[in-house]
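Numbering (this note's numbering), first residue to last: 1 to 1199.
Ideal Cβ positions, reconstructed from N, Cα and C, are used throughout, including at glycine.
Model, not experiment: these values are computed from the prediction.
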């Protein structure tokens, strides 16, 4: 046994928790759902007959499985729709991938003593960490000769001693080592998983190398615990280990042969005799010789020269072997051999070469041979579609297939190796596809509700539509974590470099079929809290002493239960009213706050909205003033309210400005509005108290009269200069005078250069881009606005800024107050009334109507062992714990990073509670509480199995975008690449099976980390093109800081939909395609969504009928590329396309303007900027190149 080798992680879990029936999910350790993302809990249908002792060695054991468990209905047959072929498959054709979700049942087993539990040493990483063996373009690793031992059948005993050093057995294993828990039938998802980039209809091409094997000469042996990951049982249509050779070894092929590219397939050691090594003893002296091609397999029945001692005792609570340098213990005495890359992944993994199936032998067994010779011209395995990324290579020079000096038992001598071909470009279809992962997650997790009752369960992806049932943890719509299983110690966290963070969206809007958080009123005494840490009553509080006291789940302090809250406990120790009280049974709820929670201990006044409109020359000329005034007349009926039937009690006020400010008295008793001008902007005050803030219903006539007059009053203005600081001061003073919180809506056009506090100068200097001074461009040029923001937050004055610039306005400075007060910045560059009005008005309507809380304070409490250390978003912090938000709307998120300050325990996990104290739009003071429990792990493999890449990317983007304030962008990019490389290198070193350095191995749930990270690195903020303005960069930087995970996902990796594949008969959308120009067809029409824009790209050869249906003209040349909305035509296609555009818009917080882009048109450059898998004009790498770069970085770290 190789003592230096890292033990391979087996499954961490015991029996799945009840309550999670029927999620199509990956079984722990073994089963992989067709989706790319792991699912933490598989359906539990009673014990599966996974491990049954079989007859003694030498007898042919009958198959012990019988019918598959009920949960394993196969949704597709083992063979795809292609032709069934007898005999060896042609070389180029992809071998059929076996179905993903078969039940596993063990064939004859030969165990003399009691069998050690199987949640033990070194399995290939459980599927949730899919390994992709990427054969990068620059490396060559030879392919191997097929092993004498066919799947699971031991060759006749050969007496040569093994010559090999380190070995990589190439015989595939024949059983499907299941997850560690015998009670866990594999998940039953029948959706075939196409390999990356393949046409989706192709069922499982190419998983297994076609492999010839003799009939079973011996019963297959017990599964190595070191392998537990590929669900490799044959389809239920045949017994898992038929004792006779298969009649016709069919290899069926659905679809065209994929591009040839893999090499270095991974096989697994045969598992026949427990008493001998499968695959020869590992070297004692050369501990990590897994860098070359996989080796030939020595005979299995060879006597062991290297005995490994008694079976290991059951491992730690989570079922994991010791980490670090401890030598892994073998699962059975005598079963030897480190887990190899070749043992790895589950069949369903799309980015791994999977071992072949017993039911899929590629040729009839040849009696008397330990394996037929390889087909002519074939070095080792035939080309694989699916594993090592990159071209198929001949063996490395000097290696004739197996390692030098090693005999090829039973195989034809792999002599004359062809010269290795020149390295070609990596095939984009062979690298992890975001679309594949998204579609798989929809298939696996979209149909069942996501029940939050189980700790540490990763939710479906943000791209999946799912229904949430709150059973004690906050819905993922409120909180998403980067990891749902966090390391127990800070050393582990440092080693892995995976950020531990939560993206919290406290007032998120829920879909209509989910309940808003219940409101709990504890009367005069207010919410029940822990005496010591002040955490609020929640499901993690443990009642003791018959219910008279409770122990805090966060700090363990014991607190008396107030008499009015007392309730008896049932036989399980729960309160009998547990399910009647939201705070004892749900993850999210609200408390009504008492007067003690109010500012100055008095109940707050209802909030106010103040509209401040720039009436300088630019604002009047571009039509903004007229549009705003016209729209406000109707919008005032839609102010936010708690109850749709009652009028909103938000008061409103109006002012206009250029170099001076104009306030308007709109008191209901006046016949006409009155204007008061304040020209002393250096010392701002509000000239009227009574009549500035009014109730809409009482003053409607006066307000409408004012809004009609404003555009005419300033129609002939020649004033071009504006002020900005005094405008916010004026609104703030008005709120102070009325003693209420509120929101300012500022409509502004130009750089404030007039003499006044907060005056700015034009500092746009493109020459600084890319230099060390570039960071100054992101920083505010004066400190005035930071101080003003602090005053606004103290009053509960939130600012939303609508910008209409025609040139540089210094968004970095003007945005300081909005981003510090919980507000938003909207930017309409070169605003033109006819083309931009729709976007602006939709943004304004949404902004005014959306749910918002005022004067908010948020605090995140955690259980002992971790604490919140860093916060990202649009807010202000006056101390290290309280996040202060003058306003908090339903689209804003606060991202919190956690650090260890002590050890955590696997039993208790880690808890966090986010409490937000805010004033509702009706003026009621409330506390919204969100609770979240995650698991803790002592093994890195568990961490890597339960991460969420989209949330990690959201965190990385926010972190990097904040770093550019103080660091050159190049340094920021380098540190991101470095951190990502460390995350993946740590996985490779500590969790993956050893394998050649030429392979890139990625954890299953992080296989998209490189592609998404590359999108962040290439974004305009970090790597701008020459045409990106400084204002745009500052705007995007501020925008991303408060984005939720769904919006950051589509922002960095836009959605590209082939509209020409639309089926108007059904509601489902066509499957999106990857963001790359080579995926576009000249005859197609594509809709691209970025979260801020929509592009409709029209290919030059699009069908006339399609053009007629969508644009109302059959000719490509007649399509008007200036249109911003599609014509309303009376045909189902037009209707459906417009519905899709509207549904995309409804999902986003900002209205996306539609741009029609014709192929070869000037606008196409902008469109191509969002094809993020390609190289971009400013020097950003393509996905393929970046993956190679990432691989190089990982190899450097490992060496």
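With distance defined between alpha-carbon atoms, name the residue in 647, 636, 1125 and 730 nearest to residue 680. Counting from 1 along the chain shown, the entry for residue 680 is found at position 680. For residue 680, the closest alpha carbon among the candidates 647, 636, 1125 and 730 is that of 730.
Report the residue from 701, 476 and 1045 whose alpha carbon sits nearest the alpha carbon of residue 588. Sequence index remark: in the chain shown, residue 588 carries index 588 (1-based). Selected option, being the one with the closest Cα: 476.
Return the CA-CA distance between residue 1192 and residue 768, expressed in angstroms with no decimal places. Here residue 1192 is taken as the residue at index 1192 of the chain shown, counted from 1. Here residue 768 is taken as the residue at index 768 of the chain shown, counted from 1. Approximately 31 Å between the Cα atoms of the pair.
According to DSSP, residues forming a beta bridge with residue 883: Position 883 of the chain shown holds residue 883. 858, per the DSSP bridge assignment.
Measuring alpha carbon to alpha carbon, tell me which of 1018, 1035 and 788 ends up nearest residue 805. Mapped onto the chain shown, residue 805 falls at position 805. Measuring from the Cα of residue 805, the nearest candidate turns out to be 1035.
If you measure between the beta carbons of residue 942 and residue 473, is that distance less than 7 Å? If you number the chain shown from 1, residue 942 lands on position 942. If you number the chain shown from 1, residue 473 lands on position 473. Not in contact: residue 942 and residue 473 (Cβ atoms no closer than 7 Å).
Once you ignore the five residues that flank residue 1018 on each side, which residues in its own chain have a CB closer than 8 Å to its CB? Position 1018 of the chain shown, counted from the start, is the residue given in the question as residue 1018. Excluding residues within five positions, the ones whose Cβ falls inside 8 Å are 1172, 1176, 1178, 1180 and 1181.
Go ahead and pull the three-state DSSP assignment for residue 947. Start at 1 with the first residue of the chain shown, and residue 947 comes out as number 947. DSSP places residue 947 within a strand segment (E or B) once states are collapsed to three.
So which of 456, 692, 844 and 446 has the shortest CA-CA distance to residue 638? By 1-based counting over the chain shown, the position of residue 638 is 638. Comparing C-alpha distances from residue 638 to each of 456, 692, 844 and 446 shows the shortest one belongs to 844.
Taking residue 727 as the reference, which of 940, 792 and 1000 has the closest Cα? Working through the chain shown from its first residue, we reach residue 727 at position 727. The shortest C-alpha separation from residue 727 is found at 792.
In whole angstroms, what separates the C-alpha of residue 1117 from that of residue 1105? One-based indexing of the chain shown puts residue 1117 at position 1117. One-based indexing of the chain shown puts residue 1105 at position 1105. Computed Cα separation, rounded: 14 Å.
Which ranges does the beta strand (DSSP E) cover as unbroken runs of at least 3 residues, wholly within the segment 571-604, from first to last along the chain? Counting only runs of 3 or more, we get 588-592.
Candidates 661, 1137 and 579, of which the one nearest residue 614 by Cα: Here the question's residue 614 lines up with position 614 in the chain shown. Of 661, 1137 and 579, the residue nearest in Cα terms is 661.
So, helix, strand or coil for residue 376, using DSSP? Numbered from its first residue, the chain shown carries residue 376 at position 376. Residue confidence for residue 376 is low, a pLDDT of 39 falling below 50, so the modelled location carries little weight; the figure read from the coordinates is stated next. Reduced to three states, the DSSP call for residue 376 is coil.
Decide yes or no for the touch test of the segment 754-763 against the segment 678-696: beta carbon pairs closer than 8 Å, at least 3 of them. Yes: at least three Cβ pairs fall under 8 Å.
Assuming the contact rule is C-beta atoms closer than 8 Å, residue 540 and residue 931 should be a hit. Round their C-beta distance to whole Å, please. For the purposes of this step, residue 540 is taken as residue 540 along the chain shown, with counting starting at 1. For the purposes of this step, residue 931 is taken as residue 931 along the chain shown, with counting starting at 1. With a Cβ gap of about 7 Å, residue 540 and residue 931 count as contacting.
Looking at C-alpha atoms only, which residue of 1154, 658 and 1144 is the closest neighbour of residue 747? Residue numbering aside, residue 747 sits at position 747 when the chain shown is read from its first letter. Of the candidates 1154, 658 and 1144, the one whose C-alpha sits nearest the C-alpha of residue 747 is 658.
If you draw a straight line from the alpha carbon of residue 1218 to that of residue 1183, how long is it in whole angstroms? No answer is possible for residue 1218: it lies beyond the span of the chain, which begins at 1 and ends at 1199.
So what's residue 1115 in DSSP terms, helix, strand or just coil? One-based indexing of the chain shown puts residue 1115 at position 1115. Three-state DSSP puts residue 1115 in coil, outside helix and strand.
Is DSSP giving residue 487 helix, strand or coil here? Within the chain shown, the letter at position 487 stands for residue 487. In the three-state reduction of the DSSP assignment, residue 487 falls in the strand class.
Under the assumption that residue 933 contacts residue 455 (Cβ atoms under 8 Å), give the Cβ distance between them as a whole number of angstroms. In the chain shown, the residue the question calls residue 933 occupies position 933. In the chain shown, the residue the question calls residue 455 occupies position 455. By a beta-carbon distance limit of 8 Å, residue 933 contacts residue 455. Their separation comes to about 4 Å.
Look at the Cβ atom of residue 973, then the Cβ atom of residue 1022, and state whether they are nearer than 7 Å. Position 973 of the chain shown, counting from 1, holds the residue named residue 973. Position 1022 of the chain shown, counting from 1, holds the residue named residue 1022. Yes, Cβ-Cβ distance for residue 973 and residue 1022 is below 7 Å.
Below 8 Å, how does it come out for the segment 1121-1139 and the segment 1054-1069: are there three or more Cβ pairs, yes or no? Counting Cβ pairs under 8 Å, three or more are found: they touch.
Quick one: is residue 1109 buried, meaning 16 or more other Cβ sit within 10 Å of its Cβ, or exposed? On the chain shown, residue 1109 is found 1109 positions in, with the first residue counted as 1. Residue 1109 should be labelled buried.
Which residues DSSP lists as bridging residue 1156, in chain order: Here the question's residue 1156 lines up with position 1156 in the chain shown. Per DSSP, 1096.
Range covered by the beta strand (DSSP E) that runs through residue 913: Within the chain shown, the letter at position 913 stands for residue 913. Counting along the chain, the unbroken beta strand (DSSP E) around residue 913 starts and ends at 910-919.
Cα-Cα separation, residue 594 to residue 519: If you number the chain shown from 1, residue 594 lands on position 594. If you number the chain shown from 1, residue 519 lands on position 519. Distance between residue 594 and residue 519, taken at the CA atoms: about 13 Å.
Which of helix, strand or coil does DSSP assign to residue 928? Taking the first residue of the chain shown as 1, we reach residue 928 at position 928. Here residue 928 sits in strand by DSSP.
Going by DSSP, what residue range makes up the alpha helix (DSSP H) through residue 969? What you label residue 969 is simply residue 969 of the chain shown in a count that begins at 1. If you look at residue 969, you'll find it in the alpha helix (DSSP H) that goes 969-990.
Same chain only: Cβ atoms within 7 Å of residue 1079, ignoring 5 sequence neighbours per side: Within the chain shown, numbered from 1, the residue matching residue 1079 stands at position 1079. Within its own chain, the residues whose Cβ lies closer than 7 Å to the Cβ of residue 1079, once the five positions on either side in sequence are excluded, are 1073, listed in chain order.
The alpha helix (DSSP H) that contains residue 1015, what's its start and end? For the purposes of this step, residue 1015 is identified with residue 1015 of the chain shown, where counting begins at 1. That run of the alpha helix (DSSP H) goes 1009-1017.
Between residue 1041 and the rest of its own chain, which residues show a CB-CB distance below 8 Å, the 5 nearest in sequence each way excluded? Taking the chain shown and counting its residues from 1, one reaches residue 1041 at position 1041. Cβ within range, chain order: 819, 872, 873, 874, 958, 961 and 962.
At 3 residues or longer, and completely inside the segment 613-697: list those beta strand (DSSP E) runs for me, N to C. Listed in chain order, they are 651-657, 661-665 and 674-678.
Could you check whether the Cβ of residue 698 sits closer than 7 Å to any Cβ belonging to chain B? Considering every chain present, this structure includes no chain B. It has just one protein chain.
Does DSSP put residue 280 in a helix, a strand or coil? For the purposes of this step, residue 280 is taken as the residue at position 280 of the chain shown. Low local confidence applies: a pLDDT of 40 at residue 280 is under 50, so the model's placement there is unreliable, and no value is given.
Look at residue 915 and residue 536 and say whether their C-beta atoms are less than 7 Å apart. If you number the chain shown from 1, residue 915 lands on position 915. If you number the chain shown from 1, residue 536 lands on position 536. Yes; because the gap between Cβ atoms is below 7 Å, this pair is in contact.
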